[in-house]
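Chemist:
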RNA sequence: GGAGAGAUGGCCGAGAGGCUGAAGGCGCACGCUUGGAAAGCGUGUAUAGGCAACCCCUAUCUAGGGUUCGAAUCCCUAUCUCUCCGCCA
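Encoded structure:
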């Protein structure tokens, strides 16, 4: 959420930032509403002060055993007025609040301005994408079918399209990958492992920015008003919802496995075969709570932590810096990591690393107390996939395929999987 | 699902219509003391909003309503926590 105070002082800056993000918001309306709110507060506070003074005087007289009837008689009108103004204020604040919740985070000044995802600059490439081999390259579906790694038809029978069913070595490989990533982040990168709830309430989904605008992208259990999480970011960021952290405890790094559930409404058509776009997938997420002045440095190390997963696995990847128009609702800056899938002959997004600055912290009321004293401040939150599988699995299969039909696993996975090859 | 009990500041815990933004303790910070530390002593220590303002004013004792000139305190509702019973991986 953006700061109303900042908005009132920098309406033009906000207007430009939102234009860059490709969003149209009536800023003048908001500024007006904010002004109305403050006028109302000034009025009603004055009346309340008067009422409190009278009440106090009544108290004093009663203690002395004196009559206070004429004082009490003075309050009738005052109280009615306070009620009226308080009610009006409540309406104004709820409209203002709900409007503020629909305003996306303005992009950071360093983010390249653009609207088309094809404009996202490639800021890094690692490894050499596998283009040709002396045998025909298969895609993950063909490879998986041959080795019996998953069964999409039965997954569809059980739940519906987009709900993958892993079988045998496929199931084991998925689990191995997740364990490998969790171990890397906890043992080498200094994250604390958490295992969060997979359903969250509205407050949590609002804090991270999924609500109110992306409700139709999530699965909802109507009876309980709980949402299946689209990413572990939601429950993990909300660990410290409504808390005041101590500076000495920052930064806080969490990593979590979770299944992720996405309705992917309106994305039928291309890119949907196999694992490329599914309703349920597995992901290891990294979440950081940091002091504001460090968040951009933390974004870079977060990205490095994600990159390292791919480097240790020996998978060629590239990093894109998202242009303003491609940034998500809550992000101020974001990098996407993409893996090369030689069978699909395309890049697959397996990680998004974002700095939300204080956007989520404001919505979730996550703050910290500076050690030197002074005012409590909003912290900055970041998160990044470290990384999302299903798609990672695709890249491992397609990059590891051999002429004889077997799949060679990256060395780092062998201890987890218990064998060098899928066969 | 049934029956009870409870929810107060970073934590523990008083308070039972006005003098309570809230005693006392712990913790924390600073100072004194000390060769240094511990102990001891002293001082300070919630958040948000309004405002140019650390003065001031308003609000906040789980949340939302109500009674009252005045509510942490009384009434209603909701939520959460705990205990017991039932069911259950």
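Residue numbers (our numbering): 140 to 562.
The C-beta atom is built at its ideal place from N, Cα and C for all residues, glycine as well.
By Cβ distance below 7 Å, which residues in the same chain neighbour residue 150 in space, the five residues on each side in sequence not counted?
Modeler: Once the five neighbours on either side are set aside, the close Cβ partners of residue 150 are 166 and 170.
Chemist: Looking only at DSSP bridge pairs, what is residue 458 linked to?
Modeler: Paired residues: 263 and 476.
Chemist: Measure the C-alpha to C-alpha separation of residue 549 and residue 272 and round it to an integer number of angstroms.
Modeler: In a straight line, the C-alpha of residue 549 is about 18 Å away from that of residue 272.
Chemist: Measure the alpha-carbon distance for residue 530 versus residue 141 and round it to whole angstroms.
Modeler: Their backbone Cα atoms lie some 34 Å apart in a straight line.
Chemist: Taking the alpha-carbon positions, what's the residue 335 to residue 377 distance?
Modeler: About 10 Å.
Chemist: Taking residue 176 and residue 221 to be in contact with their CB atoms under 8 Å, please state how far apart those CB atoms are, rounded to whole angstroms.
Modeler: The Cβ separation is near 16 Å, so there is no contact.
Chemist: Considering only their Cβ atoms, is the gap separating residue 308 from residue 561 smaller than 8 Å?
Modeler: Going by C-beta atoms, residue 561 is nearer than 8 Å to residue 308.
Chemist: What's the gap between the Cα of residue 464 and the Cα of residue 159?
Modeler: When rounded, the distance between both Cα atoms is 6 Å.
Chemist: If I follow the unbroken beta strand (DSSP E) through residue 199, where does it start and stop?
Modeler: It is not in any beta strand (DSSP E) - residue 199 instead sits in the alpha helix (DSSP H) that spans 166-202.
Chemist: Can you have a look at residue 261 and say buried or exposed, based on whether 16 or more other CB atoms are within 10 angstroms of its CB?
Modeler: So residue 261 counts as exposed.
Chemist: Does the beta-carbon distance from residue 374 to residue 356 come in below 8 Å?
Modeler: Not a contact, by the Cβ cut-off of 8 Å.
Chemist: To which residues does DSSP link residue 400 through a beta bridge?
Modeler: Answer is 419, bridged to residue 400.
Chemist: Quick check on residue 195: buried or exposed, where buried means 16 or more other Cβ atoms within 10 Å of its Cβ?
Modeler: Classification for residue 195: exposed.
Chemist: To which residues of the same chain is residue 306 closer than 7 Å at the C-beta, ignoring the five residues directly before and after it?
Modeler: For residue 306, where only same-chain residues beyond five positions count, the Cβ hits under 7 Å are 287, 288, 289 and 290.
Chemist: On the three-state DSSP scale, how would you describe residue 393?
Modeler: Strand.
Chemist: How close, in whole Å, do the beta carbons of residue 525 and residue 458 come, if the pair is a contact with beta carbons under 8 Å?
Modeler: Contact flag wrong, Cβ pair sits at about 14 Å.
Chemist: Would you kindly report the start and end of the unbroken alpha helix (DSSP H) that includes residue 524?
Modeler: Premise fails: residue 524 lies in the beta strand (DSSP E), 519-527, not in any alpha helix (DSSP H).
Chemist: The alpha helix (DSSP H) with residue 331 in it runs from where to where?
Modeler: Run containing residue 331: none in the alpha helix (DSSP H); it sits in the beta strand (DSSP E), 331-333.
Chemist: Can you check whether the CB of residue 507 is closer than 8 Å to the CB of residue 499?
Modeler: No, Cβ-Cβ distance for residue 499 and residue 507 is not below 8 Å.
Chemist: Using 8 Å as the Cβ pair cut-off and three pairs as the minimum, do the segment 342-351 and the segment 231-245 touch?
Modeler: Touching, yes, given that three or more Cβ pairs across the two stretches are closer than 8 Å.
Chemist: Using C-beta distances below 7 Å, list every residue in its chain close to residue 401, excluding the 5 sequence neighbours before and after it, in chain order.
Modeler: Closer than 7 Å at the Cβ level, and outside the excluded window around residue 401, lie 356, 369 and 418.
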